[in-house]
């Protein structure tokens, strides 16, 4: 596992549309984390980046 990726979607009646992307490469220490730790890190990074996008 090399890093994380995320997409912020806007929901429309005719389908979801991407409005922002996030990608981040893991540091060496993060590469040895368990998959659940890496997934939680991706979730936290997404919230940190887009916490104001929901208003």
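Numbering (our numbering), first residue to last: 224 to 278.
For each residue, glycine too, the CB sits at the ideal point set by N, CA and C.
Quick caveat: nothing in here was measured; it's all calculated off a predicted structure.
Between the C-alpha atoms of residue 255 and residue 231 there is a straight-line separation of about 27 Å. Residue 247 is not a Cβ neighbour of residue 225, given a cutoff of 8 Å. Apart from the 5 residues on each side of it in sequence, residue 245 sits with its Cβ closer than 7 Å to the Cβ of 228, 229, 268, 269, 272 in its chain, given in chain order. Ranked by Cα distance from residue 243, the options 264, 250, 233 are led by 233.
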